[in-house]
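According to this note's numbering, the first sequence holds residues 2 to 204 in order. Have a look at the structure below before the remarks.
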Amino acid sequence: MYKRLGLDFFIQQNVAVLASSLLGKVLCTKQKGLFTSAMIVETEAYQGPEDKGSHAFRNRRTQRTETMFNRGGFAYVYLCYGIHHLFNVVTGPEDVPHAVLIRAIQPIEGVELMMKRRKMLKILPKLTAGPGTLSQALGITTAMTGTDMLSPDSPVWIEDRQYQIEPEQIMSGPRIGIDYAADWIDRPLRFWIKDSIWVSRQR
DNA sequence: CACGGGATCGTCT
DNA sequence: GACGATCCCGTGT
């Protein structure tokens with residue numbers, strides 16, 4: 002079996018560095034014996050209390066955001082537009098509500114299952130390009146929010162399979178869909194693998 | 001290819 | 001009661 006990312010990885014304080022480090026790691030799910038895996042190719046960092054784009058801006062604690070205040074390694078999944086389940090990794094130490102949104106992945110195992118879940122007949126980038134579509138492909142829902150990915154029996158986790166992503170392959174730019182976030186709009190907190198056909202938007 | 005709108009509902013005001 | 005860290009499909013060029 003492959004090694005899961007551990008606490009030392011997830012509690013790193015610099016969420017931007019952590020978000021770029023997640024590129025090349027492998028997101029896995031297993032439910033009812035059904036296994037899927039995919040390499041992370043696009044992420045966005047949300048810098049907790051200081052970040053106007055974050056749900057936890059100004060340390061806002063609500064029933065929804067409460068899980069973001071856990072130590073790193075928990076899953077934060079929320080419903081967007083009433084339809085899409087967006088998957089985040091909580092990062093940093095306890096009470097620091099940083100999170101990384103996974104925006105796109107490259108399928109590895111369980112591709113047929115992903116296609117079935119997405120109601121697609123061909124393998125195309127739109128199978129997993131975009132935070133809503135990748136959750137559908139992996140079977141991730143809001144029911145998984147608050148689960149500890151460091152727990153051996155969690156339905157979702159992240160592995161290190163030693164895929165090497167060279168620094169020059171890592172691109173960065175503004176995040177998507179947070180036009181309301183004022184001076185945080187233009188910060189380069191989105192990261193993706195250069196020339197990957199699996200990212201949600203090229204740039 | 002660029003846009004424009006509809007879907008759909010939990011969450012917060 | 002308004003809106004969103006999105007996606008898909010339709011229309012027009």
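By construction, the Cβ of each residue, glycine as well, lies at the ideal position given by its N, Cα and C atoms.
- As for any beta strand (DSSP E) of minimum length 3 sitting wholly inside the region 50-95, the runs are 76-81, 85-92, ordered along the chain.
- Going by beta carbons, residue 40 and residue 107 fall inside the 8 Å limit.
- Residue 75 and residue 149 have their C-alpha atoms roughly 4 Å apart.
- Residue environment: residue 104 is assigned as buried (16 or more neighbouring CB atoms within 10 Å of its CB, all protein chains considered).
- In the DSSP assignment, residue 41 forms a beta bridge with 106.
- Residue 44 counts as buried, since at least 16 other C-beta atoms from the protein chains shown sit within 10 angstroms of its C-beta.
- Bridge partners of residue 192 according to DSSP: 44, 173.
- Under the DSSP assignment, residue 157 falls in the beta strand (DSSP E) whose first and last residues are 157-161.
- Excluding its 5 nearest sequence neighbours in each direction, residue 6 has C-beta neighbours in its own chain below 6 Å: 159, 161, listed in chain order.
- Cβ neighbours of residue 172 within its own chain (closer than 8 Å, five residues either side excluded): 192, 193, 194, 195, 204.
- The Cβ-Cβ distance between residue 38 and residue 111 falls below 8 Å.
- Taken in chain order, the whole alpha helix (DSSP H) runs of length 4 or more contained in the region 4-34 are 8-11, 16-22.
- Contact between residue 46 and residue 190 holds: CB atoms are separated by about 4 Å, below the 8 Å threshold.
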